[in-house]
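Q: Have a look at this one before I ask anything.
Chains as they are written, first to last, in my numbering: chain A, -12 to 461; chain B, 4 to 238; chain C, 94 to 315.
Take a look at the structure:
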């Protein structure tokens, strides 16, 4: 079905080849997972398969790519899109429309199918994927998982034989990831060929036929499903991949937390026209690193923003070591690293970014901080030119530089491979020694196991559970 | 939310153009003494019919208070106050109906319907793409801006200190906004291309556009107004 | 994108040669024609420019600011527009942008046909300038300044329909006041407006190009 013969590609402004002499053959009905560290070339392969390279993305391409026995370079991109459906990483940016109904039929409208046929297919998709509750809604108001479901249905509606997914679970919680897995299983049963580029492998362990491991643009190894299942978590970490056997992850319960200092939050409530948050007060050791977990929509971001006083409708009050902070003081005592770091970086060098956050600019201190997280060589780089993991470190550094006692991180490791996630966990461990209380909103069980001291689980705007791993009393 | 009556997007477009142009260019005498109030009132009626009660009431209150102000109090003030009030009154009466009609058009028409209307009017394909992407982008921009504001709040870069450094304020807000917008735009373009947007064939549209009685009434009203306008102004 | 046409040096030109020439021409036209992604780029960046413009024009409700709106739009609008220019390589994109801005202003702002007209004309001239002069700081700034002149369309009704505009005011406020206001805005102030808009847009364009180099070039977005 898909053949890549001696394919090499180099992006226009880069000096190194992204792909080097790739040879791969995928038969019809196979489910292939492309995996590897960040920058290994898996996204590049997906872009080759859906025609974006070379039509939209410039660079030097060598080799032959065939889809269903047709040379892809002889086809126009709209012809290619009849054969392949593509689901992207970020649900928010792949929608052309604002409402769900229009989005579902967008692809088939483009192909010019007659109206009655379009409506038939739409009804079929709604039934197959159980989209009834999502109809007639504003796409901006859906959760990440709901958005991905609409995205999947809207690319499947024209019944392409090949479906390509580029890190589709990057922004999804565990439940939505499982749902995506079900959709892929469904497509597999329909005989479609599926190519997925992913970090998270656990939900695919029983679905994929082969796992193609890439490194530096070359195929280093191809694992069959059986081989993959027998790999231990440690062996996967060596390859830079995330764990498959999640049940083996053990949070660290031998870390002693200083019982002397405490962080106490008073009851927090917040009302919005479509959401209600009510958290009873709790008492935590300070410093500590707590993970905030829960389904998408449970109110984690809302809780974080309310806690730090960013939400004007909430009136948070907390005590650190018996010093009271309320409302505006809460904002002044906290800092947040947001999910999309682009919202936070706006100077022209990493050093300037850190100096900006400091209450009093102190270059020596800034350089020390850079050294602390191993980022000294980045000091003159432009923040926007860095890779995802590096940008995030800069954002964390500027949050630390602000010298606030409470820090919130929103989904910091969602798209990171093992190596970068490990680096992040090390950062967090260093932060604990800096006398800070860190709340991390996350779905990442590996990261929680590596650096968190406990979890706060939210559900539907209320606190369901709060535990400390070392079994200390809360 | 079911509306009581449906108005075709093409009618809405014609109304918007008509109201915007006539309320500005028409003299306030003769026929227009009667036509202009009708044109001012149409957006209000439409907004009410579409259950946008809040906006409709703001509009009506503003319109009524400004009109009464104009005929009762205004003739008696002089000087600077007069000049200021003139400004507010003239802007309100001249621009507000047009703006309200434009708001009505945008808030009650989905992108799909708008595209269908433009396709039926035989507008060029590229033009329709640009326009629909624009409207899809506006809400995205406002959400992104909110996130950026929040990020700034944590770094203490809001409020008064910003008024003192307007250029810096602009830089800190605009740069992340444009970086975000560029990225989103790029991803959107890629996704759209893989969904066949560049296909050269004629595009279907599931929105069924149809003219009903209310459309004919409104369209006839517009045509009459235009005829009178051309007669009065050019002949 | 340069295309070499192999025209053999013969005394007569045969049918084969016509075939090559026309194939080359078609190839060139295909590459020059605006494609889907170009239209999307226009939509995306025009929406940023227009959103900024709209926010600024809300200030126009205060009578004093009303007069300097084009100047403000010139200064602040430079940043998004210059970014748009950096991504523009084909003729037609800037014209389209001008038409769209003019159209929306016409549908929203109550200034008659004029914004659409000025949008079309200023967009077209700015487009020609930018494509002919090739991308550089100078051409970007100049092109933006020319483009910005479309905002004059918001004020043309006052100058071109002077009698109507002021007769309305006469009806409402009396001849004395109307005449006074009329005398404040003689025809030559239009020229002042144009110069002011052009000058501030040059500044805005320079700010835009400076920020472009500072942030976007360094980070590789452009």
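Using N, Cα and C, we set each Cβ at its ideal position, and we do this for glycine too. Keep in mind the model is a prediction, meaning the values are calculated, not measured.
Check the DSSP bridge columns for residue 152/A and list the partner residues they point to.
A: DSSP output for residue 152/A lists 74/A and 183/A as bridge partner(s).
Q: Below 6 Å CB to CB, which residues in the same chain sit around residue 418/A once its five sequence neighbours on both sides are set aside?
A: Correct list, in chain order: 425.
Q: When DSSP labels each residue in this structure, what does residue 145/A get in the three-state scheme?
A: Here residue 145/A sits in coil by DSSP.
Q: Determine whether the Cβ of residue 431/A lies closer than 8 Å to any Cβ atom of chain B.
A: Not closer than 8 Å to any Cβ of chain B, the Cβ of residue 431/A fails to qualify, so no.
Q: I'd like to know whether the C-beta of residue 76/C is nearer than 8 Å to at least one C-beta of chain A.
A: Coverage of chain C is limited to positions 94 through 315, which leaves residue 76/C absent and any answer about it impossible.
Q: Could you tell me which of 43/B, 213/B and 201/B sits nearest to residue 65/A, measuring between CA atoms?
A: Residue 65/A has its Cα closest to that of 201/B, out of 43/B, 213/B and 201/B.
Q: Identify the continuous alpha helix (DSSP H) that holds residue 230/C and give its terminal residues.
A: 230 to 241 is the span of the alpha helix (DSSP H), which, as asked, contains residue 230/C.
Q: In chain order, which alpha helix (DSSP H) runs of at least 4 residues are fully inside the segment 5 to 54 of chain A?
A: Whole alpha helix (DSSP H) segments, 4+ residues: 29 to 36 and 39 to 42.
Q: If you measure beta-carbon to beta-carbon, which residues of the segment 365 to 384 of chain A are closer than 9 Å to chain C?
A: The segment 365 to 384 of chain A vs chain C, Cβ under 9 Å: 368, 369, 370, 371, 372 and 373.
Q: Among the candidates 248/A, 296/A and 286/A, whose CA atom is the shortest distance from the CA of residue 160/A?
A: Per the Cα distances, 286/A.
Q: Any contact between the segment 27 to 41 of chain A and the segment -6 to 10 of chain A? By contact I mean 3 or more CB pairs, one from each, below 8 Å.
A: The answer is yes - the segment -6 to 10 of chain A touches the segment 27 to 41 of chain A, with three or more Cβ pairs under 8 Å.
Q: Take the Cβ of residue 90/A as the centre, count every other Cβ of all protein chains shown within 10 Å, and call the residue buried at 16 or more, exposed below.
A: Classification of residue 90/A: buried, given that the 10 Å Cβ count is 16 or more.
Q: Three-state secondary structure (DSSP) at residue 103/C?
A: For residue 103/C, the predicted structure reports a pLDDT of 49, less than 50, and the residue's modelled location is therefore unreliable. The matter cannot be settled from this model.
Q: Are the C-beta atoms of residue 222/C and some chain B residue less than 8 Å apart?
A: Closer than 8 Å: no.
Q: With three or more C-beta pairs closer than 8 Å as the rule, is the segment 376 to 390 of chain A touching the segment 315 to 324 of chain A?
A: As far as the Cβ criterion goes, the segment 315 to 324 of chain A touches the segment 376 to 390 of chain A, which means the pair count is three or higher.
Q: Using DSSP bridges, identify the partner residues of residue -9/A.
A: In the DSSP output, where bridge partners are listed per residue, residue -9/A has 11/A and 52/A.
Q: Please confirm if the segment 203 to 212 of chain A is in contact with the segment 170 to 182 of chain A, defined as three or more CB-CB distances below 8 Å between the two stretches.
A: As far as the Cβ criterion goes, the segment 203 to 212 of chain A does not touch the segment 170 to 182 of chain A, which means the pair count is below three.
Q: Between which two residues does the alpha helix (DSSP H) harbouring residue 448/A extend?
A: Unbroken run through residue 448/A: none, as it is neither H nor E.
Q: Going by DSSP, what residue range makes up the beta strand (DSSP E) through residue 396/A?
A: It spans 393 to 397 - the beta strand (DSSP E) in which residue 396/A sits, taken as one unbroken run.
Q: Just the Cα atoms here: how many angstroms apart are residue 49/A and residue 182/A?
A: Their backbone Cα atoms lie some 21 Å apart in a straight line.
Q: Short check: CB of residue 174/C to CB of residue 129/B, under 8 Å?
A: No, they are not a contact pair.
Q: Note down, in chain order, every chain A residue with its Cβ under 8 Å from the Cβ of residue 190/B.
A: Near residue 190/B (Cβ distances below 8 Å), the residues of chain A are 75, 77, 80 and 81.
Q: What residues from the segment 386 to 405 of chain A come within 8 Å of chain C, judged by C-beta to C-beta, listed N to C?
A: Hits within the stretch: zero.
Q: If you compare alpha carbons, which of 196/A, 168/A, 74/A and 70/A is closest to residue 149/A?
A: Among 196/A, 168/A, 74/A and 70/A, the Cα nearest to that of residue 149/A belongs to 70/A.
Q: By the 10 Å Cβ neighbour count, where 16 or more other Cβ atoms means buried, how is residue 135/A classified, buried or exposed?
A: When all chains shown are included, residue 135/A counts as buried.
Q: Name, please, each residue of chain C whose Cβ falls closer than 8 Å to the Cβ of residue 141/B.
A: Correct list: 140 and 144.
Q: Hey, out of 226/A, 82/A, 157/A and 447/A, whose CA is closest to residue 184/A's CA?
A: Of the candidates 226/A, 82/A, 157/A and 447/A, the one whose C-alpha sits nearest the C-alpha of residue 184/A is 157/A.
Q: Taking a contact to mean a Cβ-Cβ separation below 8 Å, would you say residue 123/A touches residue 164/A in this structure?
A: Cβ atoms of residue 123/A and residue 164/A: not closer than 8 Å.
Q: If I'm right that residue 250/C touches residue 27/B with Cβ under 8 Å, what's the distance once you round it to whole angstroms?
A: At roughly 6 Å, the Cβ-Cβ gap stays under 8 Å, so residue 250/C and residue 27/B are in contact.
Q: When you compare the segment 268 to 277 of chain A with the segment 442 to 453 of chain A, are there three or more beta-carbon pairs, one atom per stretch, that lie closer than 8 Å?
A: They touch, by the three-pair rule.
Q: Give the DSSP-derived three-state secondary structure of residue 208/A in the structure shown.
A: In the structure shown, residue 208/A sits in a strand (DSSP, three-state: E or B).
Q: Should residue 305/A be flagged as near chain B, meaning a C-beta pair shorter than 8 Å?
A: No, its Cβ sits nowhere closer than 8 Å to a Cβ of chain B.
Q: Using the C-alpha atoms, what's the distance from residue 326/A back to residue 422/A?
A: Residue 422/A and residue 326/A: Cα-Cα distance of roughly 23 Å.
Q: Taking a cut of 9 Å between CB atoms, which residues from the segment 37 to 51 of chain B lie near chain C?
A: From the segment 37 to 51 of chain B, no residue has a Cβ closer than 9 Å to chain C.
Q: With a threshold of 7 Å on Cβ separation, who are the neighbours of residue 94/A within its own chain once the five nearest residues in sequence on each side are excluded?
A: Once the five neighbours on either side are set aside, the close Cβ partners of residue 94/A are 141, 142, 144 and 145.
Q: Go through its chain and collect everything with a Cβ distance to residue 37/A's Cβ below 6 Å, but skip five positions before and after it.
A: Taken in chain order, the residues that qualify are 71, 73 and 151.
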